[in-house]
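A quick write-up on the structure given underneath.
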Amino acid sequence: RESPHPCSTLAFDRNLVEDMVMFKVSRVETKPYDGQKPGTSGLRKKVKVFLQPHYLQNFVQATFDALSSEKVRGMTLVVSGDGRYFSKDAIQIIIKMAAANGVRCVWVGQNGLLSTPAVSAVIRERVGSDGSKASGAFILTASHNPGGPNEDFGIKYNMENGGPAPEGVTNSIYVNTTTIKEYLIAEDLHDVDISTIGVTSFSGPDGHFDVEVFDSADTYVKLMKTIFDFQSIQKLLSRPKFTFCYDALHGVAGAYAKRIFVEELGADEKLLLNCVPKEDFGGGHPDPNLTYAKELVDRMGLGKSQSLVDVPEFGAAADGDADRNMILGKRFFVTPSDSVAIIAANAVEAIPYFSGGLKGVARSMPTSAALDVVAKHLNLKFFEVPTGWKFFGNLMDAGLCSVCGEESFGTGSDHIREKDGIWAVLAWLSILAHKNKDNLSGEKLVTVEEIVRQHWSTYGRHYYTRYDYENVDAGAAKELMAHLVNLQSSLSGVNKIVNEAGSDVSNVVHADEFEYRDPVDGSISKHQGIRYLFEDGSRLVFRLSGTGSEGATIRLYIEQYEKDPEKTGRDSQEALAPLVEVALKLSKMEEFTGRSSPTVIT
Ligand code: G6P
Ligand code: ZN
53 RESPHPCSTL AFDRNLVEDM VMFKVSRVET KPYDGQKPGT SGLRKKVKVF
103 LQPHYLQNFV QATFDALSSE KVRGMTLVVS GDGRYFSKDA IQIIIKMAAA
153 NGVRCVWVGQ NGLLSTPAVS AVIRERVGSD GSKASGAFIL TASHNPGGPN
203 EDFGIKYNME NGGPAPEGVT NSIYVNTTTI KEYLIAEDLH DVDISTIGVT
253 SFSGPDGHFD VEVFDSADTY VKLMKTIFDF QSIQKLLSRP KFTFCYDALH
303 GVAGAYAKRI FVEELGADEK LLLNCVPKED FGGGHPDPNL TYAKELVDRM
353 GLGKSQSLVD VPEFGAAADG DADRNMILGK RFFVTPSDSV AIIAANAVEA
403 IPYFSGGLKG VARSMPTSAA LDVVAKHLNL KFFEVPTGWK FFGNLMDAGL
453 CSVCGEESFG TGSDHIREKD GIWAVLAWLS ILAHKNKDNL SGEKLVTVEE
503 IVRQHWSTYG RHYYTRYDYE NVDAGAAKEL MAHLVNLQSS LSGVNKIVNE
553 AGSDVSNVVH ADEFEYRDPV DGSISKHQGI RYLFEDGSRL VFRLSGTGSE
603 GATIRLYIEQ YEKDPEKTGR DSQEALAPLV EVALKLSKME EFTGRSSPTV
653 IT
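Residue numbering for the sequence shown follows full-length UniProt numbering, beginning at 53 and increasing consecutively.
Below is the structure:
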């Protein structure tokens with residue numbers, strides 16, 4: 053192996069490379085940039101924005117300062133991400149700044165790759181080669197947004213519990229970015245070879261500073277094996293009738309999919325689609341939904357060529373940083389809202405980690421109420437939180453929640469403090485294995501579709517769809533939202549519009565903006581989405597996306613509950629058409645945005 057610094061190599065068994073020359077700490081003068089406020093999941097901007105002089109450095113220093121120097125000095129810090137364009141440069145910059153700020157050790161996944169759930173697992177579970185534990189992480193990702201020189205980059209900070217920084221911390225990061233005058237960096241530290249596993253050791257003014265490059269999948273795979281019964285999944289995968297296809301959309305999930313599905317569970321490597329991580333996600337949009345995971349959707353018989361033979365029994369996809377998931381059966385889409393409800397309903401029987409029972413379940417407000425019905429049946433604690441995974445983390449830290457999910461293709465549990473795309477797939481494989489355990493040799497397989505239809509006939513069905521209007525003019529989007537809030541002051545006015553628009557639609561009985569009081573820390577979050585609640589349990593919700601990097605995205609969530617088992621089999625777009633019409637009239641969508649149809653329907 054070629055050492056990154058040939059004159060100072062010590063050949064230890066763990067690949068130790070030592071730089072004897074002491075690095076110096078420089079203070080670099082800088083000026084604040086506008087707009088470095090972290091959104092739902094960190095700071096996301098176009099790569100070009102991040103390439104401006106000191107832009108990334110300002111944010112990193114602002115974060116170190118927000119954490120306070122007592123916490124930073126001597127800490128072990130994880131730095132990695134989904135491998136998107138600019139990650140490798142960003143990692144070297146952060147290593148140098150960490151050294152200068154007194155961090156003791158930086159852990160980097162090999163090639164800078166760690167999925168968001170793996171970062172959470174690494175913080176919570178991994179023990180370093182010197183026995184240390186990490187207490188925080190910079191995750192370099194813009195999640196499901198495209199990557200490449202003209203696309204998005206992102207950075208977010210996760211805390212010692214493995215979850216995203218709470219609002220108190222992100223607010224103080226932001227305040228720091230508005231006043232920053234200088235940052236600390238060890239400019240003369242040589243670049244570390246992050247493609248090779250091993251420890252590189254430097255000496256600085258505070259003593260040793262180490263960079264440890266480690267296998268991106270080990271900790272995560274080990275954790276998954278403590279949660280699921282790999283043997284029973286393996287048996288399912290080895291059945292000739294059971295076919296499976298996994299699409300990583302060229303995101304970081306590929307690194308885990310190969311290890312878990314192929315090496316651990318014995319699946320055929322041919323089942324992996326787009327599983328080589330790429331800096332630009334192969335030019336695609338790494339968001340696992342029916343629009344962007346097109347290749348998988350076609351392969352699963354849900355595309356235009358419906359007559360396909362050899363459609364797999366089970367298909368799944370992940371987003372860029374592998375925290376999101378989409379679950380498909382043969383010619384069948386499982387909505388994320390149904391997915392979390394079905395996982396919760398079957399967890400205790402099908403997943404060893406939950407065999408002692410569920411502590412509680414939770415969903416985000418715009419997610420359908422399918423989970424509520426399961427919670428009621430099983431007599432489980434239930435929570436409805438605002439959009440954003442961090443709200444689940446508080447509940448989990450307090451031992452109140454085991455399984456949770458969001459309509460935005462996020463599902464997870466208290467094994468970590470992020471949503472987890474591969475975990476969701478393993479959960480579904482476990483349920484399939486469980487439902488098929490008595491007929492392992494039989495020809496007939498209980499399918500994904502049958503499991504979902506069975507669930508609907510037991511619990512009723514929540515017809516559900518989401519309309520996204522992407523990259524709308526920000527001013528117009530704000531006006532539309534303000535209009536919807538104004539309307540809420542008169543329910544009779546609202547119902548007049550409702551009755552004019554849709555014959556099959558019941559009346560609105562309540563309208564508000566969702567507000568949440570965290571049961572653990574008492575904090576209040578306001579303006580978390582505009583809700584119209586109907587007499588028959590139907591709901592319309594309007595929200596502005598918090599994860600975009602340009603313009604505004606309006607999300608419209610449409611939901612209708614059907615209890616009668618005879619009526620749970622309809623096409624969802626058809627079933628929801630009258631409510632959609634009401635939503636478009638109420639919001640004056642076309643008038644405000646100029647859009648006659650949404651960009652994405654899920
Ligand atoms: C991220 C968060 C999720 C959240 C989603 C909402 O993925 O991790 O918890 O549901 O953003 O995205 P939006 O674009 O609707 O704000
Ligand atoms: Zn993501």
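Every residue gets a Cβ at the ideal spot worked out from N, C-alpha and C, and that includes glycine.
Being a predicted model, the structure only gives us computed values, none of them experimental.
query: Going by CA-CA distance only, name the one from Lys471, Gly135, Glu122 and Gly574 that's closest to Thr439.; result: Lys471
query: Check for me: the beta strand (DSSP E) holding Ser132 runs from which residue to which?; result: Thr128 to Gly133
query: Quick one: is the Cβ of Arg376 within less than 7 Å of any heavy atom of the ligand ZN?; result: yes
query: If you measure from each CB to the nearest heavy atom of the ligand G6P and keep those under 5 Å, what residues do you get, in chain order?; result: Thr92, Ser93, Thr439, Gly440, Trp441, Glu458, Ser460, Ser597, Gly598 and Thr599
query: Hey, would you say Leu592 sits closer than 8 Å to Ala553, going by beta carbons?; result: no
query: Quick check: Gly464 and Pro388, are their CB atoms within less than 8 Å of each other?; result: no
query: Do His486 and Glu401 count as a contact pair if the criterion is CB distance below 8 Å?; result: yes
query: Taking 8 Å as the threshold, find out whether the segment 130-140 comes into contact with the segment 366-375 through three or more Cβ pairs.; result: yes
query: Check this for me: beta carbons of Lys208 and Pro90, under 8 Å apart or not?; result: yes
query: For Gly94 and Val221, I'd like the C-alpha separation in whole angstroms.; result: 11 Å
query: If you run the structure through DSSP and keep just helix, strand and coil, what is His260?; result: strand
query: Within 10 angstroms of the Cβ of Pro201, are there 16 or more other Cβ atoms? Answer buried if so, exposed if not.; result: exposed
query: Quick one: what's got a C-beta closer than 7 Å to residue 688's C-beta in the same chain, skipping five residues either side?; result: Outside the shown range of the chain (53 to 654) lies residue 688, about which nothing can therefore be said.
query: If I'm right that Ser253 touches Met74 with Cβ under 8 Å, what's the distance once you round it to whole angstroms?; result: About 12 Å separates the two Cβ atoms, so there is no contact after all.
query: Going by DSSP in three states, Ser78 sits in which element: helix, strand or coil?; result: strand
query: Under the three-state reduction of DSSP, which class applies to Asp299: helix, strand or coil?; result: strand
query: Strictly by DSSP, which residues pair up with Asn488?; result: Asn488 is not bridged to any residue.
query: Would you say the beta carbon of Gly206 is closer than 7 Å to some non-hydrogen atom of the ligand ZN?; result: no
query: Using the Cα positions of Val550 and His562, report the straight-line distance between them to the nearest angstrom.; result: 13 Å
query: Taking just the CA atoms, how far does Ala319 sit from Gly353?; result: 21 Å
query: Under a three-way DSSP split, which group does Arg383 fall into?; result: coil
query: Could you check the C-alpha separation between Ile379 and Ala305 for me, to the nearest Å?; result: 15 Å
query: Residues bridged to Arg569 by DSSP?; result: Ile576
query: Which one or two residues does DSSP pair with Trp159 in a beta bridge?; result: Val130 and Glu264
query: When you measure from the CB of Asp299 to every non-hydrogen atom of the ligand ZN, does any distance come out below 7 Å?; result: no
query: Whole-angstrom Cβ separation of Ile394 and Ile503, contact assumed at under 8 Å?; result: 7 Å
query: Measure how close the beta-carbons of Asn210 and Ile232 come, nearest whole angstrom, since I'm counting them as under 8 Å.; result: Contact flag wrong, Cβ pair sits at about 22 Å.
query: Check for me: the beta strand (DSSP E) holding Phe406 runs from which residue to which?; result: It is not in any beta strand (DSSP E) - Phe406 carries neither H nor E in the DSSP assignment.
query: With DSSP as the reference, label Asn398 as helix, strand or coil.; result: helix
query: Write down every uninterrupted run of the beta strand (DSSP E) in the segment 167-235 whose length is 3 residues or greater and which is fully enclosed by it, in chain order.; result: 188-192 and 204-210
query: For Thr128, I'd like the list of residues in its chain whose CB is within less than 7 Å of its CB, leaving aside the five on either flank, ordered along the chain.; result: Arg156, Cys157, Trp159, Gly180, Ser184, Lys185, Ala186 and Ser187
query: Of the residues Thr499, Arg96 and Arg505, which one's Cα is nearest the Cα of Asp623?; result: Arg505
query: Kindly identify the DSSP beta-bridge partner or partners of Lys277.; result: Note: Lys277 sits in no beta bridge, so no partner.
query: If we count the other Cβ atoms within 10 Å of its Cβ and call it buried at 16 or more, is Asn228 buried or exposed?; result: buried
query: Check whether the Cβ of Asp371 lies closer than 7 Å to any heavy atom of the ligand ZN, and answer yes or no.; result: yes
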